[in-house]
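Data first, discussion second: the structure below is written as structure tokens.
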Amino acid sequence: MKKLYAFLILLVLFLSPADAQRSARNGRTRVNHNTDKNHVDTVPSLLYQHYFGQLDSLNNDTVPMRYIESDPDYYQLFVPIAYYYAPIKQASEMNWSFQMPDSVQPIGSGLLSYNDRLFNKTARTKKQVNKVLLNLYVNRPDLVVTTEDQIRSRRLFRDDIPVKMSSETRVMKLFKPEEVKEDVGKAQVVIRKPNWWVTGGSGSLQITQNYISDNWYKGGESTNSVLGNLQLFANYNDKEKVQFENLMEIKMGFNTVPSDTVREYRINTDVLRLYSKLGIQAASKWYYTISSEFNTQFWKNYKTNTNNVVSSFMSPANFIFSVGMDYKLKNKKLNLSVLMSPVSYNLRYVGDKKVDETKFGLDEGKSTLHVIGSKVETTLAWTIIPSITLNSRLYYFSNYQKVEAEWENTFNFVLNRYLSTKLFVHARYDDGSTRSEGSSYFQLKELLSFGINYTW
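Numbered by mature numbering (1 follows the signal peptide of the UniProt record, and there is no 0), the letters in the sequence shown go through residues -20 to -1, 1 to 436 in order.
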């Protein structure tokens, strides 16, 4: 009897911890179920995103499409189900083996830790595939359509595919080889000299509005007009030492003057300029330079409401010869030239007897004027932005008795290849000419124009 009581007490003690653990597990399960009813996880776990998030993009239109990377390790699950030996063999393996406990801990076990999962991905995937196949064999044997032996018994689809040694294809193999000729004849060598000349030009025809001061040295009046401009250049540069620049510029402008009752049209702009400059490189950006310039006008210009000729062809005409140093700076947006001539010769000629030569610095009754002095001339071509450019010319001449200076600025506002708006500002100072009573030696001319232009 005492033995029976002792057995019952041991049985109660043994079952109580098991019931307590089962109750605790059930309690946790209930808590988890209650929690799941009240909480919805809107952010899937990273593991879920990695394996099932890509499939959600195929089944749910609200989920953005994702790139699904091909993984050949799972091919057995996506082809017709076959009976393989590997799942049964894996389930029947005995991985346990008896080992004697080591009394000494391995020395290298804690020196360097590494993630062995990076090296056995295929083996781990194979185990998972075998588990899934084994589950199919047990629960859905009707899905099995073939066996591993039947697959291996079939002959290969292609067994004559050669091994491709290189992915490169020689171009010469695509052409039929030519016959080899022993007598190839004499070789003909053609030597072409490089062309160091660069030629081009630009032209424009524009409608203008201009302002001219009353004492402008060639006359004129503020009015609306039509202005034509033509520039041609031919430049030589041997890329070593020699540079030779040549420019021809022609400007012609006509206007209507309401205040002039004698003639309906007048000429407000008339320029013919020929310019040449020869430079030999002395340093990186410095050149020994000889320059010459000739400028005059084409047509006669009259004073308002009279037949008095103010200027005409070769009246005046200027010839300027200079020797000095030229500094040049050129980059993507800027083209600058500064010519400094300590010795410059200026010849002014007035050949028309109807023109007052004293207005151009000549003595009365004389037709020529010879002046030797110094000159500084600066030219600038600056691309401010792709649609706005500036062309500037600054000219200064002095013989230490008089000063003659000109500053021309042309702002070009490009609308497209053929249309543009130009602002031309021309300031001039000449204290050697005769000035009108009550006026100064400073003269100003401004033109605002819109029209067509072309560059080649």
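Glycine included, each C-beta is placed from N, C-alpha and C at the ideal position.
Given residue i as reference, the closest of the options once Cα atoms are compared
{"i": "Ala297", "options": "Tyr65, Leu349, Val303 and Phe430", "result": "Leu349"}
{"i": "Asp411", "options": "Phe393, Leu342, Gly181 and Ser429", "result": "Leu342"}
{"i": "Leu123", "options": "Asn40, Val112 and Arg132", "result": "Val112"}
{"i": "Leu254", "options": "Gln211, Thr401 and Glu73", "result": "Gln211"}
{"i": "Thr179", "options": "Gly331, Leu395, Trp196 and Phe213", "result": "Phe213"}
{"i": "Gln186", "options": "Thr401, Tyr282, Gly199 and Thr414", "result": "Thr401"}
{"i": "Glu395", "options": "Thr359, Ser419, Phe377 and Ile432", "result": "Just to set this straight, residue 395 is Leu in the shown sequence, not Glu. Nearest option by C-alpha distance: Ile432."}
{"i": "Asp51", "options": "Ser420, Lys106 and Asn315", "result": "Lys106"}
{"i": "Asn110", "options": "Ser72, Leu314, Phe299 and Ile131", "result": "Ser72"}
{"i": "Glu220", "options": "Leu136, Ala263, Glu244 and Met74", "result": "Ala263"}
{"i": "Thr126", "options": "Met228, Asp36, Lys312 and Val59", "result": "Val59"}
{"i": "Val237", "options": "Met228, Asp218, Lys283 and Tyr268", "result": "Lys283"}
{"i": "Pro174", "options": "Lys166, Asp218 and Arg134", "result": "Asp218"}
{"i": "Arg397", "options": "Trp436, Thr286 and Gln168", "result": "Trp436"}
{"i": "Leu57", "options": "Lys313, Asn39 and Gln108", "result": "Gln108"}
{"i": "Ile364", "options": "Arg172, Lys313, Lys69 and Val170", "result": "Lys313"}
{"i": "Tyr307", "options": "Asn287, Tyr268, Glu344 and Arg172", "result": "Tyr268"}
Chain-order list of residues whose beta-carbon lies under 6 Å from that of residue i (same chain, five-residue window excluded)
{"i": "Arg408", "result": "Glu386 and Gln423"}
{"i": "Ser256", "result": "Asn226 and Ser272"}
{"i": "Met320", "result": "Gly304, Met305 and Val356"}
{"i": "Tyr434", "result": "Gly183"}
{"i": "Pro67", "result": "Asn110, Leu113 and Leu114"}
{"i": "Lys280", "result": "Val289 and Ser292"}
{"i": "Glu337", "result": "Val330"}
{"i": "Thr428", "result": "For the record, residue 428 in the displayed sequence is Leu; it is not Thr. Here the set comprises Gln189 and Leu403."}
{"i": "His406", "result": "Glu388 and Lys425"}
{"i": "Gln70", "result": "Asn110"}
{"i": "Ser419", "result": "Asn195"}
Cβ-Cβ distance between residue i and residue j below 7 Å
{"i": "Trp176", "j": "Tyr216", "result": "yes"}
{"i": "Asn326", "j": "Val303", "result": "no"}
{"i": "Leu207", "j": "Ile230", "result": "no"}
{"i": "Val222", "j": "Ile270", "result": "no"}
{"i": "Thr276", "j": "Asn235", "result": "no"}
{"i": "Val289", "j": "Val335", "result": "yes"}
{"i": "Lys425", "j": "Ile192", "result": "yes"}
{"i": "Asp250", "j": "Phe278", "result": "yes"}
{"i": "Asn389", "j": "Ser367", "result": "no"}
{"i": "Thr359", "j": "Ser317", "result": "yes"}
{"i": "residue 438", "j": "Lys339", "result": "Because residue 438 is not part of the residues shown, which for the chain are -20 to 436, the question remains open."}
{"i": "Leu258", "j": "Phe301", "result": "no"}
{"i": "Thr102", "j": "Asp53", "result": "yes"}
DSSP beta-bridge partners of residue i
{"i": "Asn315", "result": "Lys310 and Ala361"}
{"i": "Arg373", "result": "Thr359 and Glu388"}
{"i": "Gln277", "result": "Answer is none; Gln277 lacks a bridge partner."}
{"i": "Glu225", "result": "Asn215 and Lys257"}
{"i": "Tyr245", "result": "Thr236"}
{"i": "Thr348", "result": "Tyr329"}
{"i": "Glu431", "result": "What sits at residue 431 in the sequence shown is Gly, not Glu. In DSSP, Gly431 forms a bridge with Gln186 and Ser400."}
{"i": "Thr179", "result": "Ala214"}
{"i": "Arg408", "result": "Glu386 and Gln423"}
{"i": "Ser378", "result": "Ser354 and Val383"}
{"i": "residue 437", "result": "Lying before the first or after the last residue shown, residue 437 is absent from the chain, which here runs from -20 to 436."}
{"i": "Val394", "result": "Ser400"}
{"i": "Leu252", "result": "Ile230 and Thr276"}
Residues of its chain near residue i, where Cβ-Cβ distance is below 8 Å and the 5 sequence neighbours each way are ignored
{"i": "Leu116", "result": "Ile61, Leu123 and Val124"}
{"i": "Arg415", "result": "Asn195 and Tyr421"}
{"i": "Glu344", "result": "Glu337 and Thr338"}
Supposed contact pair residue j and residue i - C-beta distance, whole angstroms, cut 8 Å
{"i": "Leu370", "j": "Trp362", "result": "5 Å"}
{"i": "Val330", "j": "Ser347", "result": "6 Å"}
{"i": "Ser292", "j": "Lys198", "result": "With 8 Å as the limit, Ser292 and Lys198 do not qualify as a contact, their Cβ atoms being about 10 Å apart."}
{"i": "Phe377", "j": "Glu384", "result": "5 Å"}
{"i": "Glu128", "j": "Tyr55", "result": "Rounded, the Cβ-Cβ distance is 14 Å, inconsistent with contact."}
{"i": "Phe391", "j": "Leu403", "result": "4 Å"}
7 Å Cβ shell around residue i - same chain, five flanking residues per side excluded
{"i": "Phe299", "result": "Phe274 and Leu327"}
{"i": "Leu309", "result": "Lys265 and Leu316"}
{"i": "Ser205", "result": "Thr188, Asn190, Gly233, Phe234, Asn235 and Asn248"}
{"i": "Pro322", "result": "Gly304 and Ser354"}
{"i": "Ser295", "result": "Val330, Gly331, Asp332 and Val335"}
{"i": "Val11", "result": "Residue confidence for Val11 is low, a pLDDT of 37 falling below 50, so the modelled location carries little weight and cannot support an answer."}
Proximity test, residue i beta-carbon vs the ligand ATP heavy atom, cut-off 6 Å
{"i": "Tyr375", "result": "Only the bare structure without any ligand can be found here, which leaves the ligand ATP out of the picture."}
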